[in-house]
Amino acid sequence: MLSGDVVKRFRISDGDDFRLSDIDPGDTLGLDLEKDEAKELLAAGTKRLADLQERLYAESRWSLLIILQAMDAAGKDSAIEHVMSGVNPQGCAVTSFKAPSTTELKHDFLWRATLPLPGRGQIGIFNRSYYEEVLVVRVHRDLLDKQGLPDKLVGDDLWRDRFDSIRDFERHLARNGTAILKFFLHVSRDEQRKRFLERIDEPDKRWKFALGDVAERQLWPKYMDAYEDAIRNTATKHAPWHVVPADNKWFTRLVVAATIVEKLEEIDPNYPKVDSAALSAMVEAREKLVAEPSDSKSGKSN
Ligand code: ATP
Ligand code: MG
19 MLSGDVVKRF RISDGDDFRL SDIDPGDTLG LDLEKDEAKE LLAAGTKRLA
69 DLQERLYAES RWSLLIILQA MDAAGKDSAI EHVMSGVNPQ GCAVTSFKAP
119 STTELKHDFL WRATLPLPGR GQIGIFNRSY YEEVLVVRVH RDLLDKQGLP
169 DKLVGDDLWR DRFDSIRDFE RHLARNGTAI LKFFLHVSRD EQRKRFLERI
219 DEPDKRWKFA LGDVAERQLW PKYMDAYEDA IRNTATKHAP WHVVPADNKW
269 FTRLVVAATI VEKLEEIDPN YPKVDSAALS AMVEAREKLV AEPSDSKSGK
319 SN
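In our numbering, the protein residues as written are 19 to 320.
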């Protein structure tokens, strides 16, 4: 597993001086791991994560919200698949945020994100999120028009207002026991091109190819500006961003896994303690169970 120092390297808890250009999508911190080595290291991380998740679930006090944002083909889906591979599905849910439905458009932009929030003991993964509201919606003004907001609320302050709403929302969640980790998987435009070509060229990957993604990449600089501004305005101590180099998938997964493990270690969930009254009741129950004749002896069977 990667150390906490690595995690800190990519964490933005205060966005004031953040510049996206400071993070190189190809960075691996000088690590050059063989496939097997990276796999082994990740396996150690996911094992630790699974153990901590079980305790989070048993303790049922804290929730963990993990937000994943990225350009297409940056590896969100595969990061979820690999990093969460060992966790108990009962304590974890993934929600993918697509273009909003008619009903969703009739509500405020955070409305649809509230129901899938993780309950106590749960890990909730948002594959895209309400951040799309200051990303894709900012890049495509026609999407904003579709939202039907009253004209007088659509002014120059709209994006500032949305950042305020997001910061307030996350502060509220944090105050109520939801830990928040936000990831931007930062892939380069060149690497995205390579991955799109692979999707076209390899028959088993063709299902992942979407024509629209090629048009979207033409808007790359606009997206990068929107991401930078969103991160600058919403990176906080209780809901930090992690801008993770994503040109090397093995490195991305290691950083994401280490970041989640670090957070869970900080939460330090414990199995609930059994008090003495409950323990006496258990001892009594145990005696009864031991004293019960077994089905085979009493001749009963199911
Ligand atoms: P993959 O391509 O790996 O399946 P994806 O997250 O790109 O995953 P898609 O179905 O391709 O999933 O895309 C979902 C689309 O929905 C994205 O283009 C995203 O920008 C868009 N979207 C998400 N939230 C909103 C929103 N609030 N308003 C408008 N568009 C949104
Ligand atoms: Mg897509």
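Backbone N, C-alpha and C fix where the C-beta goes; we use that ideal spot for every residue, glycine too.
{"query": "Closest residue to residue 273 among 37, 67 and 35 (Cα-Cα distance)", "result": "67"}
{"query": "Alpha carbon of residue 92 to alpha carbon of residue 311, nearest angstrom", "result": "60 Å"}
{"query": "Residues of its chain near residue 118, where Cβ-Cβ distance is below 7 Å and the 5 sequence neighbours each way are ignored", "result": "130"}
{"query": "Inter-stretch contact (C-beta, 8 Å, three-pair minimum) for the region 301-310 and the region 102-122", "result": "no"}
{"query": "Whether residue 218 touches residue 224 by CB criterion (8 Å)", "result": "yes"}
{"query": "Rounded separation between residue 305 and residue 90 - CA only", "result": "59 Å"}
{"query": "Neighbouring residues (CB closer than 6 Å to any heavy atom of the ligand MG)", "result": "90, 228 and 231"}
{"query": "Among 287, 293 and 268, the one whose alpha carbon lies nearest that of residue 58", "result": "268"}
{"query": "Where residue 62 falls: helix, strand or coil (DSSP)", "result": "helix"}
{"query": "Beta bridge counterpart(s) of residue 88 as assigned by DSSP", "result": "203"}
{"query": "For residue 143: DSSP bridge partner residues", "result": "84 and 112"}
{"query": "Proximity test, residue 146 beta-carbon vs the ligand ATP heavy atom, cut-off 7 Å", "result": "yes"}
{"query": "Reduced DSSP category for residue 125 - H, G, I as helix; E, B as strand; rest coil", "result": "coil"}
{"query": "Element boundaries [beta strand (DSSP E), containing residue 152]", "result": "First-last for residue 152: undefined, no H or E at that position."}
{"query": "Inter-residue CB distance, residue 157 and residue 237 (contact presumed, cutoff 8 Å)", "result": "6 Å"}
{"query": "Buried versus exposed, by CB contacts within 10 Å (16 or more), residue 251", "result": "buried"}
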